[in-house]
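Asker: Can you read through this structure? Questions will come right after.
Number of protein chains: 2
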Amino acid sequence: MPRTSDKRERLIRSADRLILSQGFKQTTLSDIAADSGVPLGNVYYYFKTKEDICKTIVDTRIEAMQALLEQCSQPDEPKARLLRFLDYPPTIKHDLSQDGCPIGTLCYELSRHERPLNESSQRLIHVLLDWSKAQFQAMGRPDAEAMALQFVSNLQGMSLIANALEDPNVIEQMVQRTRSWIESL
Amino acid sequence: MPRTSDKRERLIRSADRLILSQGFKQTTLSDIAADSGVPLGNVYYYFKTKEDICKTIVDTRIEAMQALLEQCSQPDEPKARLLRFLDYPPTIKHDLSQDGCPIGTLCYELSRHERPLNESSQRLIHVLLDWSKAQFQAMGRPDAEAMALQFVSNLQGMSLIANALEDPNVIEQMVQRTRSWIESL
DNA sequence: GTCTATATGTTGATAGAC
DNA sequence: GTCTATCAACATATAGAC
Chain A
14 MPRTSDKRER
24 LIRSADRLIL
34 SQGFKQTTLS
44 DIAADSGVPL
54 GNVYYYFKTK
64 EDICKTIVDT
74 RIEAMQALLE
84 QCSQPDEPKA
94 RLLRFLDYPP
104 TIKHDLSQDG
114 CPIGTLCYEL
124 SRHERPLNES
134 SQRLIHVLLD
144 WSKAQFQAMG
154 RPDAEAMALQ
164 FVSNLQGMSL
174 IANALEDPNV
184 IEQMVQRTRS
194 WIESL
Chain B
14 MPRTSDKRER
24 LIRSADRLIL
34 SQGFKQTTLS
44 DIAADSGVPL
54 GNVYYYFKTK
64 EDICKTIVDT
74 RIEAMQALLE
84 QCSQPDEPKA
94 RLLRFLDYPP
104 TIKHDLSQDG
114 CPIGTLCYEL
124 SRHERPLNES
134 SQRLIHVLLD
144 WSKAQFQAMG
154 RPDAEAMALQ
164 FVSNLQGMSL
174 IANALEDPNV
184 IEQMVQRTRS
194 WIESL
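Residue numbers (the numbering used here), protein chains in the order written: chain A, 14 to 198; chain B, 14 to 198.
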């Protein structure tokens, strides 16, 4: 019987969605329980603490981003990989402008919590930085580090502004600019 | 007697600092009271609600940024104004990498609160966008809107990444890149 | 205007029956 | 494994003496 329970999965999905739209601190266990249809007391069978849920969400988002990045890393030249990644933000521009970037928002919120939660910020942003840097290095650029910084900065900057203005068009415009920049290299 | 009380000012200063390092939701009235040396019950003589404090901090930061922008707007050509603004981030790179941007962090946090708090996000980011756009327009650029987007995106992107990595050098590197971009126009 | 004491509500977490 | 009931801590906000 317990083998077929999908409660843990439902809890994670609800937590992920609620944390994205409300933030981690703002989201209560009661919110997550209600949204997932799991009784409040039962949450503690699956997660030891609220902080434990947060760590799980961090891992979930990191893995989701890594899956996306691998999908963009087909046996191809690095420039095409970067351009292929840029196809993604416009497909979720409405989510991005409504809730911000799942990586960036968590990054910024967790960096103002205590240890060990704030240590997740570094891991989250490194996923994007490391992959980007690898692509610029494969392009033979000695300034790969700085280029990766600019690339990820564009992604995070556009998400924050689009979210603040609630304007999906910001994503379109900035992706277009970033695309032109990559193509010109 | 009450004329010389600086309690309200002390409360604002403490709230501003605490909200910057811990976030608004995370910061309790007790924190602010203790830090400012004002008894908890007395806070409500100066502010009706906690939300009221937040709105005051938003205004404070907007005014501080406007003051800085005016300082960069000496009777000069627009390109020099943008470059003069870029002198600023490196002077506070340690604060930026420790706590993030006072505009951007508040922007991202408040956009996931309910109305009317989330409406402040738009006002906060518009301060930077409007001023930047005005400079690019004065430079005669028809794409001033997109240029302002890229400029502010760089500022916010570098702050988020520097904060996540706790690395002031990210500010230096990205400001240098942004400076080169502006100079090339 | 100032401050102590406290009301009121919410939240993370636990106890214990089933 | 599941769920109800509840605890203990904390946060916002108020009452009321001074």
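We treat Cβ as the ideally placed atom computed from N, Cα and C, and that holds for glycine.
1. When you compare only the Cα positions, how much space is there between L137(A) and I75(A)?
2. Hey, G50(B) and R26(B) are a contact pair by Cβ (cut 8 Å); roughly how many whole angstroms apart?
3. Should the segment 169 to 182 of chain A be called in touch with the segment 112 to 120 of chain A, which here means at least 3 C-beta pairs below 8 Å?
4. Taking buried to mean at least 16 other C-beta atoms within 10 Å of its own C-beta, is S133(B) buried or exposed?
5. If you drop the 5 nearest sequence neighbours on each side, which residues of the same chain put their C-beta closer than 7 Å to that of R192(B)?
6. Any idea what DSSP makes of G113(B), helix, strand or coil?
7. With DSSP collapsed to three states, give me the class of G218(B).
8. With 16 other CB atoms within 10 Å as the buried threshold, where does Q148(B) fall?
9. Pull up the distance between the alpha-carbon of V56(B) and that of T73(B), whole angstroms please.
10. Could you pull out every residue in the same chain whose Cβ sits closer than 7 Å to the Cβ of D48(B), ignoring the five residues on either side in sequence?
11. Restricting to Cα atoms, I'd like to know which of P129(A), L162(A) and L130(A) is closest to W144(A).
12. Taking T13(A) as the reference, which of P181(A), S197(A) and R21(A) has the closest Cα?
13. Counting C-beta neighbours from all protein chains within 10 Å, is the total for I166(A) 16 or more, i.e. buried, or is it exposed?
14. Taking the straight line between their C-alpha atoms, what separation do you get for C67(A) and A77(B)?
15. Looking only at its chain, what residues have a beta carbon closer than 7 Å to the beta carbon of E158(A), apart from the 5 residues adjacent to it on each side?
16. Which residues in chain A sit within 7 Å of C120(B), going by Cβ to Cβ distance?
17. For P102(B), does the count of other Cβ atoms within 10 angstroms reach 16, so buried, or fall short, so exposed?
18. Compute the Euclidean distance between the alpha carbons of M14(A) and I70(A), then round it to the nearest angstrom.
Answerer: On the basis of the coordinates in this document:
1. Distance between the alpha carbons of L137(A) and I75(A): 6 Å.
2. Contact annotation, G50(B) with R26(B): C-beta distance approximately 11 Å; criterion of less than 8 Å not satisfied.
3. yes
4. Under this definition S133(B) is a buried residue.
5. L96 and L99
6. coil
7. Nothing about residue 218(B) can be reported from this structure: the residues present for chain B run from 14 to 198 only.
8. buried
9. 18 Å
10. S27 and L31
11. L162(A)
12. One cannot answer for residue 13(A) here, as it falls past the ends of chain A, which runs 14 to 198.
13. Looking at the sequence itself, residue 166(A) is Ser, so the reference to Ile does not match. When all chains shown are included, S166(A) counts as buried.
14. 34 Å
15. K146
16. L173 and A177
17. Buried, because 16 or more other Cβ atoms sit within 10 Å of the Cβ of P102(B).
18. Per-residue confidence for M14(A) stands at a pLDDT of 49, beneath the threshold of 50, marking its modelled position as unreliable; the derived number appears in the next sentence. One C-alpha to the other measures close to 26 Å.
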